[in-house]
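The structure under discussion appears below in the form of structure tokens.
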Amino acid sequence: MDNIIQDPKEPISRRARRRRLTNSAATCFAYGALITALSFLMWIVLSVIQKGFAGLTLDTLLQMTPPPGSQGGLANAIFGSLYMTFGAMLFATPVGILAGVYLTQHTNQVLRTASVLRFLNDMLLSAPSIVLGLYVYEVYVVNVKHFSAFAGMMALALIALPIMTRTTEDMLRLVPFTLQEAAYGLGATRWEVFSKILLRISKTGLITGVLLAVARISGETAPLLFTALNNQFWSTKLGAPMANLPTVIFQFAMSPYADWQQLAWAGAALIMLWVLALNIIARSLSSSSGPSY
Amino acid sequence: MEHITLSIKNLDFHYGKLHVLKDISLNIPHKQVTAFIGYSGSGKSTLLRTFNRIYELSGNPRIAGEILLDGQDILSKKYPVDTLRQKVGMVFQRPTPFPMSIFENVAFGLRLHHAMEPSDLEERVMWALNQAALWDEVKDKLHNSGLGLSIGQQQRLCIARTIAMKPEVILLDEPTASLDPLGTRKIETLVEELCKDYTIVIVTHNMKQAQRISHHTAFMQNGHLVEHAPTDTFFNAPTHEETKQYLIYST
Numbered sequence: 048m049d050n051i052i053q054d055p056k057e058p059i060s061r062r063a064r065r066r067r068l069t070n071s072a073a074t075c076f077a078y079g080a081l082i083t084a085l086s087f088l089m090w091i092v093l094s095v096i097q098k099g100f101a102g103l104t105l106d107t108l109l110q111m112t113p114p115p116g117s118q119g120g121l122a123n124a125i126f127g128s129l130y131m132t133f134g135a136m137l138f139a140t141p142v143g144i145l146a147g148v149y150l151t152q153h154t155n156q157v158l159r160t161a162s163v164l165r166f167l168n169d170m171l172l173s174a175p176s177i178v179l180g181l182y183v184y185e186v187y188v189v190n191v192k193h194f195s196a197f198a199g200m201m202a203l204a205l206i207a208l209p210i211m212t213r214t215t216e217d218m219l220r221l222v223p224f225t226l227q228e229a230a231y232g233l234g235a236t237r238w239e240v241f242s243k244i245l246l247r248i249s250k251t252g253l254i255t256g257v258l259l260a261v262a263r264i265s266g267e268t269a270p271l272l273f274t275a276l277n278n279q280f281w282s283t284k285l286g287a288p289m290a291n292l293p294t295v296i297f298q299f300a301m302s303p304y305a306d307w308q309q310l311a312w313a314g315a316a317l318i319m320l321w322v323l324a325l326n327i328i329a330r331s332l333s334s335s336s337g338p339s340y
Numbered sequence: 017m018e019h020i021t022l023s024i025k026n027l028d029f030h031y032g033k034l035h036v037l038k039d040i041s042l043n044i045p046h047k048q049v050t051a052f053i054g055y056s057g058s059g060k061s062t063l064l065r066t067f068n069r070i071y072e073l074s075g076n077p078r079i080a081g082e083i084l085l086d087g088q089d090i091l092s093k094k095y096p097v098d099t100l101r102q103k104v105g106m107v108f109q110r111p112t113p114f115p116m117s118i119f120e121n122v123a124f125g126l127r128l129h130h131a132m133e134p135s136d137l138e139e140r141v142m143w144a145l146n147q148a149a150l151w152d153e154v155k156d157k158l159h160n161s162g163l164g165l166s167i168g169q170q171q172r173l174c175i176a177r178t179i180a181m182k183p184e185v186i187l188l189d190e191p192t193a194s195l196d197p198l199g200t201r202k203i204e205t206l207v208e209e210l211c212k213d214y215t216i217v218i219v220t221h222n223m224k225q226a227q228r229i230s231h232h233t234a235f236m237q238n239g240h241l242v243e244h245a246p247t248d249t250f251f252n253a254p255t256h257e258e259t260k261q262y263l264i265y266s267t
């Protein structure tokens, strides 16, 4: 037992050689995987930029979606996407935040309501978005007998809701419990602890959560296909079908017309820029302050 | 007869299946310092946490027995918990300043319960910081964040926050555990000063500290209150074998 550490002058043992070899192989493999993943990503980004920005002009932002063969833009679709996203977040943000608060504040009860709810929320979180769209179609669209912006908002809200709930729970868990205890110790009620302590500390995190949820629902197509459908014209009516970027991209890209295909690429580039911007803002927000206590 | 602030009678406490406090009875005298000592897990912190019912926040607690504050049972569902916590303030092991200014930290509890005129509020905050021996150190930066203070100052800020409510009782749960000797000294001096106006209950692992600042000392082991006596008697002539053992181990 006196000489376990190998003398550097001795030739290395077979075991040591095998360990080093395994290590090098694993490292190479990891790098290879990284390069594969990144090169596909770069390929996607570059082709969208190349094809999308070629056709991106001021008219793209200001004109309505055209019939085949004539000039036009994506104004009604851009508006529709922003409008429905906004409407969806208007519902999902407060409900999601309060649900997240419930999950953090009721963890130790005898009835395991919080764990059951958390499990259901996680299921909703990973549910395919087309299922949520189908649900809204069955429950709402079929009954009112027409597609509408409102139905689109409902579908998007159902996608954003579990994201908001989850982010809120994660953010609130970062707040040290002792801080809440101290506030309760001064006679604060649950609501006061939430509004004056928890919300104050985790507001940047919650804003980040909102931005990421917006990014997530901005590109959703499937649930909009059978809720908001599409609209060739400018519409601000909640009860009428509404144009939106993902569905327009879907319809135009599948068409045989070159000018429609060009607009589809432009729309794709716009969505990508939007999501990129949201992610950059969210990232800089969360790195600049984190939970600020 | 001695004036009693808190009177604990046959207190039993469970967290789920864990029997934490076993048939505890004792009196906490008015405007004096009572220290609880004992091994980790002996139940001394839990006992402290029953005095303002903060235990209700976690676990699956069950409690039986009585705790009388000025003759009223604070464990009764009819006793409003926010009133209780105004009367019985608590300072924790680690300083817990809120992420707001020094002024707002002290004003936090006051704003919850009282609609005070700004001038009254200011006066009360000043008074509380003075009582907590922090005023001179922070008077020029009242509107800076409380998080910018040293750990020792943060702990005195938490004491000021508690004092501002003008409580009857102040509970201190190992208040110097995270402080350096100088910070500890300042808190101890402060406690000696504060017990002229408040009833103080302190949990500590530091035997010397209990000896220095308390009038009464209670020793707990495995959820039982083993011995409770005036501090001098407690340390010089303990009557129970377990107490003697503990005193030997800890010095």
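Protein chains in written order, with the working numbering: chain D, 48 to 340; chain X, 17 to 267. Beta carbons are placed, not taken as given, at the ideal position from N, Cα and C, and that holds for glycine. Please read all numbers here as calculations on a predicted model, not as lab measurements.
Can you tell me whether DSSP reads residue i as helix, strand or coil?
i: residue 301/D; result: coil
i: residue 149/X; result: coil
i: residue 237/X; result: strand
i: residue 129/X; result: helix
i: residue 189/X; result: strand
i: residue 105/X; result: strand
i: residue 176/D; result: helix
i: residue 52/D; result: coil
i: residue 162/D; result: helix
i: residue 123/X; result: helix
i: residue 333/D; result: helix
i: residue 138/X; result: helix
i: residue 161/X; result: strand
i: residue 267/D; result: coil
i: residue 293/D; result: helix
i: residue 282/D; result: coil
i: residue 230/X; result: coil
i: residue 339/D; result: Below a pLDDT of 50, predicted positions are generally treated as unreliable, and residue 339/D, at 48, falls in that range; the measurement from the model is reported next regardless. It is coil, neither helix nor strand.
i: residue 242/D; result: helix
i: residue 57/D; result: coil
i: residue 117/D; result: coil
Between which two residues does the alpha helix (DSSP H) holding residue i run?
i: residue 35/X; result: Premise fails: residue 35/X lies in the beta strand (DSSP E), 34-45, not in any alpha helix (DSSP H).
i: residue 133/D; result: 122-152
i: residue 209/D; result: 196-220
i: residue 259/X; result: 257-265
i: residue 92/D; result: 61-101
i: residue 104/D; result: No alpha helix (DSSP H) contains residue 104/D, which DSSP labels as neither H nor E.
i: residue 252/X; result: 247-252
i: residue 228/D; result: 224-232
At what residues does the beta strand (DSSP E) containing residue i begin and finish?
i: residue 26/X; result: 20-31
Mind pulling the chain D residues with CB within less than 9 Å of residue i?
i: residue 177/X; result: 229, 233
i: residue 195/X; result: What residue 195/X touches in chain D: nothing, since even the nearest Cβ is about 16 Å away.
i: residue 73/X; result: 155, 224, 227, 228, 231
Within 7 Å: the Cβ of residue i and any heavy atom of the ligand GTP?
i: residue 177/D; result: Among the components modelled here there is no ligand, and therefore nothing to report on the ligand GTP.
If the cut is a Cβ gap below 8 Å, which residues of chain D does residue i touch?
i: residue 238/X; result: Those within 8 Å of residue 238/X in chain D number zero; the least Cβ separation is about 24 Å.
i: residue 181/X; result: 233, 234
Under 7 Å Cβ-Cβ, which residues of chain C neighbour residue i?
i: residue 170/X; result: As a matter of chain content, chain C is missing from the structure shown, whose protein chains are D and X.
Please list, in chain order, the chain D residues whose beta carbon lies closer than 7 Å to that of residue i.
i: residue 102/X; result: 234
i: residue 128/X; result: 233, 234, 235, 239
Would you mind telling me which residues of chain X sit closer than 7 Å to residue i, beta carbon to beta carbon, in chain order?
i: residue 225/D; result: 108, 110, 112
Query raised in the report: Which residue spans inside the segment 39-91 of chain X form an unbroken beta strand (DSSP E) run of at least 3?
Result: 49-54, 77-85
**Report entry** Chain-ordered residues of the segment 106-124 of chain X with a beta carbon less than 7 Å from chain D
**Finding:** 106, 108, 110, 112, 114, 115, 124
Requested in this report: With 7 Å as the C-beta to C-beta threshold (strictly closer), list the residues of the segment 55-69 of chain X near chain D in chain order.
Outcome: 68
Query raised in the report: Can you list, in chain order, the residues of the segment 140-160 of chain X whose Cβ is nearer than 8 Å to any Cβ on chain D?
Result: none
Report task. Would you list, in chain order, the members of the segment 244-267 of chain D that have their beta-carbon closer than 7 Å to a beta-carbon of chain X? Result -> 244, 247, 248
Requested in this report: Counting only runs of 4+ residues fully inside the segment 164-220 of chain X, write out the alpha helix (DSSP H) ranges in chain order.
Outcome: 167-179, 197-210
Requested in this report: With 9 Å as the C-beta to C-beta threshold (strictly closer), list the residues of the segment 183-214 of chain D near chain X in chain order.
Outcome: none
Query raised in the report: Listed in chain order, which residues of the segment 80-99 of chain X have Cβ atoms closer than 7 Å to some Cβ of chain D?
Result: 98
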